[in-house]
Structure formats: structure tokens, C-alpha cells
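Notes follow the structure.
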Amino acid sequence: MKKIIFALSVIIVTGSSCVTSLQPLVTYNTAIADNRLEGSWEQDGQEYIVQKVFNSELYTKHKQELEKSRKENNGQLSEKDKKDSVLYSKSYIIKYSKDGIQYQLFASMIKLNGRLFMNFTPADMTSTDTSGSENEINLSNRLDSHTIARVQFTNNNVMKLDFIDGGYLYDQIKAGRMKIKHETDELYDTFLITASTRELQQFLEKYGNDSRFFNKENSVTLNRKS
Amino acid sequence: MKKITLTTAFALLLVFLSGCLTTLHPIFTEKDLAYDPKLIGTWETENQGKKGSAVISNLATEGSLEIPGNIFSIKQKGYFITYRDENGKISEQYIAFLARIGKHVYFDYYPAEKKEDRKLDEFFGAHFVKMHTSYRVEILKDGSFELSQLEEGYVTRLIEEKKIRINHETDADNNTIITASTKELQQYLLKYGDEPAAYRSDKTIFKK
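From first to last, the protein sequence lines are chains F and P. According to the working numbering, the residues represented by the first sequence are -6 to 219, in order. According to the working numbering, the residues represented by the second sequence are 194 to 401, in order.
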């Protein structure tokens, strides 16, 4: 199986892989809120805190910039800001810490053919130095992308995330058995899905229940802590 | 300057692409490589009065570096470049290849894994797609050389004015992402390689 550079990630658990997309799966007019997401979750000793965007520290941190943006637009929200506001009102921030670095992901959900899917994209990354001050970590010459997982609630306290198997998808595309807009570069082993949001949705409407895409190696089960 | 929304504020925290053309694909193929051993060494760098240094080594000598994909087979013809700021702190590291495209020689830079990167959570890190940046290289008579980076605005203006057909995508924040193939990128360089506006006005000077 081809090694996929962006799909080598260990998805919270060891040994799983995912695929990345340039476009988000979820937009302001398709996002749905689900109160079951909020709270503190745990997986293999790692804690993940899920908050609504508007309740998050990150939103508070950037509120001034949003206000400034609004003032520059005669006190009005631009069309994009309006859409973003709707999306934020239904989206979540997932916060966790590992090895002295604090990570925040922006997560939005959508329902397709009765199944829930979540879109993840990076929101913030900071490290704390010995004096306790926070420093933002900026990575130059990188493009932020999206990952996608199917979400299943066993009950209100157990959430299973099934990520798309990037290796399987790549093999299918390469063999000509599946079509979805993408870019690959053999020299640098790059694989990026460039399909539009609607195409991604159609793809998951078709394959959202296909166990070959969502196998157990790419699944994570989170248990509620509080 | 683009208005800051929460989304763009998020993006700005993570991606620093302003002004510099970044591409998903490299500008070279193996046959274009123009490895020059004279570039190996320690250099003093200067860009708009900002001084620093750069160490350029042969990529094959960097045993601990994570080398992507099929680059491994051409690593003898590649470079590993470490930039340090004026305080001696490592600022950026790249895997680089020198390639001749038409009458000019270009550097293709690709972010190398820094110590800091390796510490990153793999799931979080997987969301960042590494992009290529390219520079025209002019080697001067005294052995020093200058890098002129390709300008993003020039390409995006050509796209907006429908003066060029080059593969690209527009992301959710209306950023233009150049997804052109290596062949297309080379055609761009052959056509606009002599156009001063295709490059950023600030040059980085490398002196021994």
C-alpha cells in the first residue's frame, strides 16, 4: 500500500490513517448542532474538551478582531461574516494538550443519509514556556486542510469516530475504481482531495456506510468524563 | 489587506503564505536537476536589512531527516537548508533542489521536519499540507548568490484578469491555491521567468 504522507497521522489512537481535503465537508447552511458533543471526553488517558465555538476561549480571544472587522464594514457583518457566524453557532472547538502544546480543532457536523459526519480543521496551536506565557506556533509554507470522520453515539457517554481510510481511498482512485477530485504528487508522496464540498457530501452519501472506508483501524472510541 | 474574520484569524495562526507564491507541486522533475556543490557551506544572509545565516548541506548527509516520498532516490542531488535568525536561533528548515528551467536556475523549497514539528501531535499535524516555494537563483561572480522569490499576487492577478490558465483551487476563505502540475509550473516559469513583477522585490543575498 502506498505510503500517504498526509494520511500517516495517528488519529488519536495509534496505527490509524486518514485522508485530508482542501474543502470542508460542512458549510454554514448544512451544519447541525448536537448537544451530546459538549463536555469532556477521554481516550487512552488523553482528555479532549469540546465546547461550542461561542463558549470557547478561542472565540473570546478573537472577538476583538471580529468587532474591528465589523466596524470597518460600517457596523455591519459582511456576507461572509454572516455565514461564518451561522457556522460558528453550530460548531465546536475541541481542545487538548500533549507534550506541552495546546491544540484546538474547529469541528462541524452534518447529517447525510441519516448518518452523522464531523469535519475537523486546525484552529489554534500554542506552547507554554517556563514562565507560563503562551506562544502561538506558526508553521510556514503549509496549507491547512480538513479531515472527516463518521460519528456514532452508542449512548450519550460513548462516541465513536470512524475516519476515512486514506490508503484504501488512494488505492481505489489509482486503480480507477473510484472517482473523486484530488491531487497527487509521486515525488513527494502528496495526496490531497480537492473535491468541492458538495462532491464530498455526495461521496459520503454513497459510501458513508461502506466498511471498507471506515474500518476499525481508523476508529476511535471516546468516553465521556463529564 | 484581507479583513480578519474568525476563520481567517484561525488560518493566519497556522499558515503564513502572504506574498509568497506557494504551490502544491514541485517545479522540477529529476531531469531538471542542476546540483551545484559550490552552494554547500555556511552563508551570511540578508533580506531588506534583516541579517541572519544559512547552512546549506547535501541532503544525503542528513541522516536524521525525514525525507518524503521518492525524494530518497535523488537525495544526493538535493540540499538541506537551515536558516538562523540574527540571534542564531533556527528559524526555518527546508529540503531544496536546484533546477534549470529555461535559461534560469531555480530553487524549489519544501518544509523539512523541524524538531518542533516532530513534537507536534500527529493528528493535528496531519491537517497541514506542506507547500513548495520557489526562488530564482542568480550566482554572482564573487561566488555569492541572490534568491528572488516568486510573487503570489502576480499569479493571482493573472488568474483574476483571465490572462492565464493555470490549475488552482479557491478555498473556503477565498484564498487561491495553486494546484498546477510541475509541467504547468514550468510553462509559467518559461513564460514569466524574465518578468520582474513575477518576483518579490526583496531579494535574499547569500555571502560566504
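We put the beta carbon where it would ideally sit given N, CA and C, even for glycine.
Residues of the segment 132 to 145 of chain F with a Cβ closer than 8 Å to any Cβ of chain P, in chain order: Leu132, Ser133, Asn134, Arg135, Leu136, Asp137, Ser138, His139 and Thr140. If you check the CB distance, F/Tyr96 and F/Tyr89 come in under 8 Å. Contact between P/Gly245 and P/Leu383 is ruled out by a C-beta separation of about 32 Å, above the 8 Å threshold.
The CB of F/Thr13 comes closer than 8 Å to the CB of Ala319, His320 and Val322 in chain P, given here in chain order.
By the Cβ neighbour-count rule, P/Ile283 is exposed, with fewer than 16 other Cβ atoms within 10 Å of its own. Scanning its chain for C-beta atoms nearer than 6 Å, with the 5 sequence neighbours on each side dropped, one finds around P/Ile371 the residues Thr216 and His361, in chain order. Excluding sequence positions up to five before and after P/Phe265, its CB lies less than 8 Å from no other CB in the same chain. In the same chain as P/Ala227, and ignoring 5 residues on each side of it, the C-beta atoms closer than 8 Å to its own belong to Leu291, Ala292, Arg293 and Val298, in chain order.
In the assembly as shown, F/Arg170 is an exposed residue. Its beta-carbon has fewer than 16 other beta-carbons within 10 Å. Residue pairing by DSSP places F/Tyr41 opposite F/Trp34 in a beta bridge.
As a beta-bridge residue in DSSP terms, F/His175 pairs with F/Ile186.
Using beta-carbon distances, P/Leu217 counts as an interface residue toward chain F, with a partner under 8 Å. Taken atom to atom, the span from the alpha-carbon of F/Asp117 to that of P/Asp335 is near 45 Å. In terms of Cβ geometry, P/His218 and F/Asp178 form a close pair [threshold 8 Å]. Looking at the backbone, the Cα of P/Gln241 and that of P/Ala247 are separated by about 16 Å.
Every beta strand (DSSP E) stretch that sits fully inside the segment 282 to 359 of chain P and reaches 3 residues is listed by chain position as 283 to 294, 297 to 304, 321 to 323, 325 to 332 and 338 to 343. Excluding five sequence positions before and after P/Leu333, none of the CB atoms of its chain fall closer than 6 Å to its own CB. In this structure, the straight-line span from the alpha carbon of P/Ala373 to that of F/Leu51 is close to 35 Å. Contact with chain P is absent for F/Gln195, since none of that chain's Cβ atoms lies less than 8 Å from the residue's Cβ. Assigned with DSSP and collapsed to three states, F/Ala100 falls in strand. For F/Tyr96, the neighbours in chain P by C-beta distance under 8 Å run, in chain order, Asp314 and Phe317. Distance from the Cα of P/Tyr302 is smallest, within the candidate group P/Gly281, P/Ile274 and P/Phe317, for P/Ile274. Contact annotation: P/Ile398 and P/Ser337 have beta-carbon atoms nearer than 8 Å. Of the candidates F/Leu162, F/Asn208 and F/Asn202, the residue whose Cα lies closest to the Cα of F/Leu105 is F/Asn202.
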